[in-house]
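Colleague: Protein sequence lines, in the order shown, are assigned to chains A and B. Letter by letter, the first sequence follows residues 761 to 926 of my numbering. Letter by letter, the second sequence follows residues 306 to 479 of my numbering.
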Amino acid sequence: MEHKIFKDMVEAYGAAPARWPADMRDGAEGFAATEAGAEILRTALALDTALNLSQAPAPARPAFLAKLQALPQQVKAASSKGRASLLQKLRWRMPELNNWLRPGALSAQGTALATALVLGVWVGGQEAAAEQTPFDEELALLELTPQASSTLDAILLDETLEGDTQ
Amino acid sequence: MAALVSGDQTAYAALITRHADRFLSVATRLMGNQASAEDMVQDAFIKLLTRADKFNAEAGRFTTWFYRVVSNRCLDELRRKRPVALPEGYDKEDETAQTDASLIERDKKEAVEGALNTLPERQKLAITLCYFEELSNKEAAEVMDINIKALESLLTRGRQSMKNQLATQKSALL
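Here's what the structure looks like:
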């Protein structure tokens, strides 16, 4: 085997003969025994050693395997109804959606939402009342009692007249 | 596969038990995390169930064909997604409880993973298939739908790029 062919092969496949193309392996092993071949292997081996540090991904989780095993029934159910709906696809992706969308869960979610809404309106009303200023209260009083309103009008009229005469 | 096409549930269950790990492994290396990888593998299995008839047993092995389905799904997703930068120090762990040796080891592993993750997708896939999944050059080329010369070119450029990156690391891996 020629020096360049061996070098090109090792640069692509690394230093381990097991990874070399089967049809080149015999010739390559012969060249690897030479000094030039050993030098090329030494360089490639450093990168192979570094690559060995890369952690193998964790095996599939049992829950994921169970999800895959359940796919045929889901695909069958969807195809019997025609094209899979968006909700169906979401259910494949997130099986927990099935729990959220149970009738019992839906009514509980509805009750919680209604309670939150009522509480929100009540708290909002309380805060609005607390924010009223004395002047607001006065205005409210004036609007509610016609007598008080006419008294204030009379006072304001007197003050205006006095101002004009001065 | 013939049994699967005819709707045999046992054949499908056996296929999952025998092969799910290897497809998840490739997807995890390509996607960079197991959660996304699970989504990609699940999509590929849905495709298998709905279009099992697309597989031509005479044209090649099932695993080779399905590696292609999974890796194409991952590459599509990676091209669709734009990388989201995490805040600085997001994945920093508490280093006080670790020994110097384990820190050095961890640094080296991180350097290798980092160098792998910066490779262009197809170089990364070529290295994953040939190096980590130990596919033959013929099988890897078939999965990637390229000829062997093109595969070797991807492998050579990928390894060279990793070598250059690791050579600049403080951990002096090379």
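Ideal Cβ placement from N, Cα and C applies to all residues, glycine included. Values in this document were obtained by computation on a predicted structure and should not be read as measured data.
What residues in its chain sit with their C-beta under 6 Å from that of B/PRO392, if we drop five residues either side in the sequence?
Modeller: With a pLDDT of only 49 at B/PRO392, under 50, the local geometry of the prediction cannot be trusted, and the value read off the model is given with reservation. None.
Colleague: Which residue from A/PRO777, A/ALA775, A/ALA776, A/MET784 puts its Cα closest to that of A/ILE765?
Modeller: A/ILE765 has its Cα closest to that of A/MET784, out of A/PRO777, A/ALA775, A/ALA776, A/MET784.
Colleague: Tell me which residue opens and which closes the alpha helix (DSSP H) that B/LYS386 is part of.
Modeller: No alpha helix (DSSP H) holds B/LYS386; DSSP gives it neither H nor E.
Colleague: Between the alpha carbons of A/LEU902 and A/VAL881, how many angstroms are there, rounded?
Modeller: Residue confidence for A/LEU902 is low, a pLDDT of 49 falling below 50, so the modelled location carries little weight and cannot support an answer.
Colleague: My understanding is that B/ALA325 touches A/LEU825, with C-beta atoms under 8 Å, so please give their C-beta distance in whole angstroms.
Modeller: Yes, they are in contact, since the Cβ atoms of B/ALA325 and A/LEU825 sit about 6 Å apart, within 8 Å.
Colleague: Can you determine whether any heavy atom of the ligand NAD sits closer than 7 Å to the C-beta of A/TYR773, and answer yes or no?
Modeller: Questions concerning the ligand NAD fall outside what the structure shown contains, since it holds no ligand whatsoever.
Colleague: Grab me the residues of B/ALA538's own chain with a C-beta within less than 7 Å of its C-beta, minus the 5 sequence neighbours each way, in chain order.
Modeller: Residue 538 of chain B lies beyond the range of chain B shown here (306 to 479); nothing can be said about it.
Colleague: Should the region 769-789 of chain A be called in touch with the region 814-825 of chain A, which here means at least 3 C-beta pairs below 8 Å?
Modeller: Flag = no, the region 769-789 of chain A and the region 814-825 of chain A do not touch.
Colleague: Measure the C-alpha to C-alpha separation of B/ALA357 and A/ALA837 and round it to an integer number of angstroms.
Modeller: So the two alpha carbons sit approximately 17 Å from each other.
Colleague: Since B/MET467 meets chain A, which of its residues come closer than 9 Å, beta carbon to beta carbon?
Modeller: Near B/MET467 (Cβ distances below 9 Å), the residues of chain A are LEU807, ALA810, LEU811.
Colleague: So the candidates are B/ASP313, B/SER458, B/ASN469, B/ALA319; which of them puts its Cα closest to the Cα of B/GLN428?
Modeller: Out of B/ASP313, B/SER458, B/ASN469, B/ALA319, B/SER458 has the C-alpha closest to the C-alpha of B/GLN428.
Colleague: Could you tell me if A/ALA778 is buried or exposed, where buried requires 16 or more neighbouring beta carbons within 10 angstroms of its beta carbon?
Modeller: A/ALA778 comes out exposed.
Colleague: Any residues in the region 370-382 of chain B with a beta carbon nearer than 9 Å to a beta carbon of chain A? Which ones, in chain order?
Modeller: Here the close residues number zero.
Colleague: What is the DSSP secondary structure of B/SER466, counted as helix, strand or coil?
Modeller: It is helical.
Colleague: Verify whether the separation of the beta carbon atoms of A/ALA810 and B/LEU430 is less than 8 Å.
Modeller: Not a contact, by the Cβ cut-off of 8 Å.
Colleague: Cβ of A/ALA874 less than 8 Å from any chain B Cβ?
Modeller: No - not a single Cβ of chain B is within 8 Å of the one on A/ALA874.
Colleague: Can you grab the Cα-Cα spacing for the pair B/GLY365 / A/ASP768, in whole Å?
Modeller: The straight-line gap from Cα to Cα measures roughly 28 Å.
Colleague: Report the rounded CA-to-CA distance for A/ALA830 versus B/GLU382, giving the unit in angstroms.
Modeller: Going from the Cα of A/ALA830 to the Cα of B/GLU382 covers about 24 Å.
Colleague: Under 8 Å by Cβ, that's how I've got B/ARG378 and B/ALA416 pegged, so tell me the actual separation to the nearest angstrom.
Modeller: Actually they are not in contact, since the Cβ atoms of B/ARG378 and B/ALA416 sit about 29 Å apart, beyond 8 Å.
Colleague: Can you name the start and end residues of the alpha helix (DSSP H) that B/ASN452 belongs to?
Modeller: Note, B/ASN452: premise wrong, no alpha helix (DSSP H); not H, not E.
Colleague: Taking 8 Å as the cut-off, decide whether the C-beta atoms of B/ARG464 and A/LEU807 are in contact.
Modeller: Yes, Cβ-Cβ distance for B/ARG464 and A/LEU807 is below 8 Å.
Colleague: From B/ILE453 to B/ASN442, what distance separates their C-alpha atoms?
Modeller: C-alpha separation (whole angstroms): 7 Å.
Colleague: Answer yes or no: does any C-beta atom of chain B fall closer than 8 Å to that of A/PHE791?
Modeller: Judged by the 8 Å Cβ criterion, A/PHE791 is not in contact with chain B.
Colleague: I need the DSSP call for A/ALA804, collapsed to helix, strand or coil.
Modeller: A/ALA804: helix per DSSP, three-state reduction.
Colleague: Comparing alpha-carbon positions, which option in B/ALA455, B/LYS468, B/GLU418, B/SER376 lies nearest B/LEU434?
Modeller: Among B/ALA455, B/LYS468, B/GLU418, B/SER376, the Cα nearest to that of B/LEU434 is on B/SER376.
Colleague: Measure from the C-beta of A/GLU771 to each C-beta in chain B and report whether the shortest distance is under 8 Å.
Modeller: Yes, A/GLU771 counts as interfacial toward chain B.
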